[in-house]
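Oh and the sequence shown: position 56 is 55 in numbering that gives the first Met the number 0, straight run, nothing missing.
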Amino acid sequence: MQAYRKGTCSGSSAASGAHVSPKHSIRRALRPRMRAASTQEAVQQQQQQPVTATQFLRPHLLQLAAYTPIEPFEVLSKRYGKDPQDIVKLDANENPYGPPPEVRQALASMPFPHIYPDPETRQLRKALAEWNDIPMERLLVSRQSDS
Numbered sequence: 000m001q002a003y004r005k006g007t008c009s010g011s012s013a014a015s016g017a018h019v020s021p022k023h024s025i026r027r028a029l030r031p032r033m034r035a036a037s038t039q040e041a042v043q044q045q046q047q048q049p050v051t052a053t054q055f056l057r058p059h060l061l062q063l064a065a066y067t068p069i070e071p072f073e074v075l076s077k078r079y080g081k082d083p084q085d086i087v088k089l090d091a092n093e094n095p096y097g098p099p100p101e102v103r104q105a106l107a108s109m110p111f112p113h114i115y116p117d118p119e120t121r122q123l124r125k126a127l128a129e130w131n132d133i134p135m136e137r138l139l140v141s142r143q144s145d146s
């Protein structure tokens with residue numbers, strides 16, 4: 000029985016004089032084929048199974064409770080038998096009184112109220128910069144979003 004030392008299978012075993020068992024040399028020769036076969040099998044298995052969005056989520060995110068959207072006035076009106084005007088919803092951070100008359104007038108006078116405003120808020124930043132005597136580039140205006 001021959002003793003095998005660690006590292007004797009690397010490089011050219013014949014040149015180094017180290018003995019490599021026939022079983023080990025066959026394994027080494029077949030290793031790239033076995034890897035390719037196992038990779039091909041994995042790819043075939045993945046192709047057979049439909050891809051779902053949950054496969055890309057962290058497991059703890061799947062444990063979270065689903066978002067419950069707010070219910071509109073029409074649904075609440077039917078459920079409780081009340082007129083929509085008599086319902087005040089505080090769960091959606093909504094103003095139950097609507098905008099003040101000045102805001103309604105300003106919105107009515109806008110030439111394009113249906114178009115998104117300037118994302119860089121140039122006019123507002125320019126006015127704030129002049130008022131505060133600072134460069135406009137140092138101001139960042141946000142629309143208070145969750146993002």
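C-beta atoms are modelled at their ideal positions from N, C-alpha and C, and glycine is treated no differently.
> Does DSSP put Glu93 in a helix, a strand or coil?
Replying inline: The count along the sequence shown starts at 1 and reaches residue 93 at position 94. Secondary structure of Glu93 (DSSP, three-state): coil.
>> Can you look up Met109 in the DSSP assignment and give me helix, strand or coil?
In response: Against the sequence shown, residue 109 aligns to sequence position 110. In this structure, DSSP gives Met109 a state outside helix and strand, which the three-state scheme calls coil.
>> What ranges does the beta strand (DSSP E) occupy inside the stretch 35–65, keeping only unbroken runs of at least 3 residues that lie completely in it?
In response: You should have found no qualifying run.
>> Just to check my reading of the structure: Asp90 and Ile69 have Cβ atoms closer than 8 Å, yes? What is that Cβ distance to the nearest angstrom?
In response: Locating residue 90 in the sequence shown gives position 91, where the first residue counts as 1. Locating residue 69 in the sequence shown gives position 70, where the first residue counts as 1. Contact annotation, Asp90 with Ile69: C-beta distance approximately 6 Å; criterion of less than 8 Å satisfied.
> Does DSSP put Arg78 in a helix, a strand or coil?
Replying inline: Translated into positions along the sequence shown, residue 78 becomes position 79. It is helical.
> For Pro100, which three-state DSSP category applies?
Replying inline: As a working note, residue 100 is residue 101 in the sequence shown. In the structure shown, Pro100 sits in a helix (DSSP, three-state: H, G or I).
>> Rounded to the nearest angstrom, what separates Ser15 and Thr38 at their Cα positions?
In response: Looking up residue 15 in the sequence shown gives position 16. Looking up residue 38 in the sequence shown gives position 39. Confidence at Ser15 is low in this model, with a pLDDT of 47, below 50, so the placement of that residue should be treated as unreliable; the coordinate-derived value is given next. Distance between the alpha carbons of Ser15 and Thr38: 34 Å.
> Cα separation between Met109 and Phe55?
Replying inline: Counting from 1 along the sequence shown, the entry for residue 109 is found at position 110. Counting from 1 along the sequence shown, the entry for residue 55 is found at position 56. Roughly 44 Å separates the two Cα atoms.
> Grouping DSSP H, G and I as helix and E and B as strand, with all else coil, what is Arg124?
Replying inline: Translated into positions along the sequence shown, residue 124 becomes position 125. Arg124: helix per DSSP, three-state reduction.
> From Glu101 to Arg57, what does the alpha carbon distance come to, in whole angstroms?
Replying inline: As a first step, residue 101 is located in the sequence shown; it is residue number 102 there, counting from the start. As a first step, residue 57 is located in the sequence shown; it is residue number 58 there, counting from the start. The alpha-carbon atoms of Glu101 and Arg57 are separated by roughly 48 Å.
> Counting contacts by CB-CB distance shorter than 8 Å, is Ala52 in contact with chain D?
Replying inline: Among the chains in the structure shown there is no chain D, since it carries only a single protein chain.
> If you draw a straight line from the C-alpha of Leu127 to the C-alpha of Tyr115, how long is it?
Replying inline: The count along the sequence shown starts at 1 and reaches residue 127 at position 128. The count along the sequence shown starts at 1 and reaches residue 115 at position 116. Between the C-alpha atoms of Leu127 and Tyr115 there is a straight-line separation of about 21 Å.
>> Among the candidates Ala64, Asp85, Gln62, whose CA atom is the shortest distance from the CA of Glu73?
In response: Along the sequence shown, one-based indexing puts residue 73 at 74. Glu73 has its Cα closest to that of Asp85, out of Ala64, Asp85, Gln62.
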